[in-house]
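Going by the numbering used here, the first residue of the sequence shown is number 4, and it counts up by one from there.
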Amino acid sequence: MSTPTATFAGRTVSRIGYGAAQLDRLRDRRGEAVALLRRAVELGVNHVDTAEFYGFGFANAVIREALRPGDGVLVVTKVGADPDPGGRLPLRIAQRPEQLRASVEDNLRGLGVDRLPVVNLRRLDSGPGLRAEGDQVVDLDDQLAVMTALRDEGKIGAIGLSSVTLDGLRRALPAGIACVQNAYSLVSRDDEDMLRLCAAEGIAWVPFFPLGGAFPGLPKVTEEPAVHAVAGALGVTPSQVGLAWLLRHAPNVLLIPGTADLAHLEANMAVGDIAFDDAADGALAALDAVESRSSEVPIGEPGRAS
């Protein structure tokens with residue numbers, strides 16, 4: 004199985020990682036969750052994306068149990084929302100500087116570490132999801148000030164941004180940005196200019212919703228006729244085509260597909276072996292020609308972050 008690599012936060016990582024958000028589906032089968040993560044490591048995963056608000060800390064607890072120091076896994080977490088198990092909704096927006104600092108401390112405790120290698124600041128500026136209101140409307144510079152202070156203190160190693168605009172990224176560049184996580188897929192390519200800027204600046208591009216369609220109103224990669232045609236020609240699934248296109252599209256793309264299913268995990272990892280040159284002539288051009296539709300779709304209710 005091929006495992007293409009790239010440099011991220013000073014480390015060489017597989018370009019196919021694992022997103023831990025769906026681990027909560029195994030809450031009542033914790034042993035299976037640990038085994039799934041161990042299998043991911045065996046398959047070459049050395050980049051795991053998580054957050055303390057995934058499953059009210061369940062994902063971080065599984066990562067803490069499953070991963071070993073010798074595995075060499077880069078664990079990336081995020082702040083900007085907090086778990087709210089006693090509330091009407093499971094999450095609450097937490098954008099204020101003191102909340103970001105508290106969220107970093109929560110992730111440190113949940114993962115059982117003294118330092119978080121990379122922490123993504125989850126803004127609410129773009130893509131599907133809520134927009135901040137009231138005292139949760141916080142200037143990016145104020146947020147970066149606390150994030151850089153935490154980095155100076157040694158509590159975090161590098162800073163990433165999520166759901167950020169192109170102007171926001173440009174403002175943040177002097178602080179040193181390791182990665183950007185925005186909603187991006189074959190069918191939602193609003194951020195092409197930002198992707199190019201990241202490539203020029205050596206910033207990893209880590210798309211969430213890499214197959215689109217996570218919420219009603221968003222286009223789905225797996226519903227595109229061109230995707231199905233290429234999948235048929237290659238003998239793979241439409242989902243694998245969508246992920247493989249992302250890897251081919253830009254060299255700084257890192258994937259973090261999530262799953263709670265072992266077979267699905269193995270299918271995701273096999274994406275590195277897909278070569279569009281093995282399909283019918285014009286396969287890649289047909290995919291590149293798929294119409295891009297905006298992912299700017301409001302999701303959820305006040306207090307909930309996607």
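Glycine included, each C-beta is placed from N, C-alpha and C at the ideal position.
query                                                                                                                                                                               : result
Secondary structure at residue 125, three-state DSSP: helix, strand or coil?                                                                                                        : strand
Specify, as a first and last residue, the run of the alpha helix (DSSP H) that residue 281 falls within.                                                                            : It is not in any alpha helix (DSSP H) - residue 281 carries neither H nor E in the DSSP assignment.
Classify residue 19: buried if its beta carbon has 16 or more other beta carbons within 10 angstroms, exposed otherwise.                                                            : buried
If we ignore side chains and look at the alpha-carbon of each, how far apart do residue 304 and residue 167 end up?                                                                 : Because the pLDDT at residue 304 is just 36, under 50, the model does not fix this residue reliably, and the value given afterwards should be weighed accordingly. Rounded to whole angstroms, residue 304 to residue 167 spans 20 Å at the Cα level.
Does the distance between the C-beta of residue 215 and the nearest non-hydrogen atom of the ligand GTP fall short of 7 Å?                                                          : For the ligand GTP, the structure offers nothing, since it holds no ligand at all.
Just tell me which of 196, 211, 155 has its CA closest to the CA of residue 204.                                                                                                    : 196
Would you call the CB atoms of residue 192 and residue 165 closer than 8 Å?                                                                                                         : no
Residues bridged to residue 86 by DSSP?                                                                                                                                             : 94
Would you call the stretch 209-217 and the stretch 170-187 touching, i.e. three or more CB-CB distances under 8 Å?                                                                  : yes
Do residue 244 and residue 233 have their beta-carbon atoms positioned less than 8 Å apart in this structure?                                                                       : yes
Identify the residues that DSSP records as bridge partners of residue 134: which are they?                                                                                          : Per DSSP, none; premise fails for residue 134.
Just checking my contact of residue 65 with residue 103 at CB under 8 Å: how many whole Å lie between their CB atoms?                                                               : Not really, about 24 Å apart at Cβ, beyond 8 Å.
Is the beta carbon of residue 118 closer than 8 Å to that of residue 158?                                                                                                           : yes
Which whole-angstrom value is the C-beta distance of residue 94 and residue 61, which I expect to be below 8 Å?                                                                     : Wrong, their Cβ atoms sit about 14 Å apart, outside the cutoff.
How many angstroms separate the CA atom of residue 67 from the CA atom of residue 13?                                                                                               : 22 Å
Quick check on residue 140: buried or exposed, where buried means 16 or more other Cβ atoms within 10 Å of its Cβ?                                                                  : exposed
By a C-beta neighbour count over all protein chains shown, 10 Å radius and 16 as the cutoff for buried, is residue 163 buried or exposed?                                           : buried
When the Cα of residue 79 is compared with those of 71, 160, 174, which residue comes out closest?                                                                                  : 160
With the cut-off set at 8 Å, would you say residue 256 and residue 227 are in Cβ contact?                                                                                           : no
What's the gap between the Cα of residue 129 and the Cα of residue 90?                                                                                                              : 25 Å
Look at residue 180 and residue 172 and say whether their C-beta atoms are less than 8 Å apart.                                                                                     : yes
Using the C-alpha atoms, what's the distance from residue 77 back to residue 47?                                                                                                    : 12 Å
Compare the C-alpha of residue 116 against each of 72, 295, 23, 15 and name the closest.                                                                                            : 72
Please report how far the alpha carbon of residue 21 lies from the alpha carbon of residue 43, in whole angstroms.                                                                  : 8 Å
From the DSSP output, which residues share a beta bridge with residue 50?                                                                                                           : 77
Can you give the Cα-Cα distance for residue 219 and residue 147, rounded to whole angstroms?                                                                                        : 32 Å
Give me, in chain order, the residues of the same chain whose beta-carbon lies closer than 7 Å to that of residue 253; leave out the 5 immediate sequence neighbours on both sides. : 198, 202, 208
In the DSSP output, what is residue 186 paired with across the bridge?                                                                                                              : 211
Closest by CA to residue 266, which one among 121, 34, 39, 23?                                                                                                                      : 39
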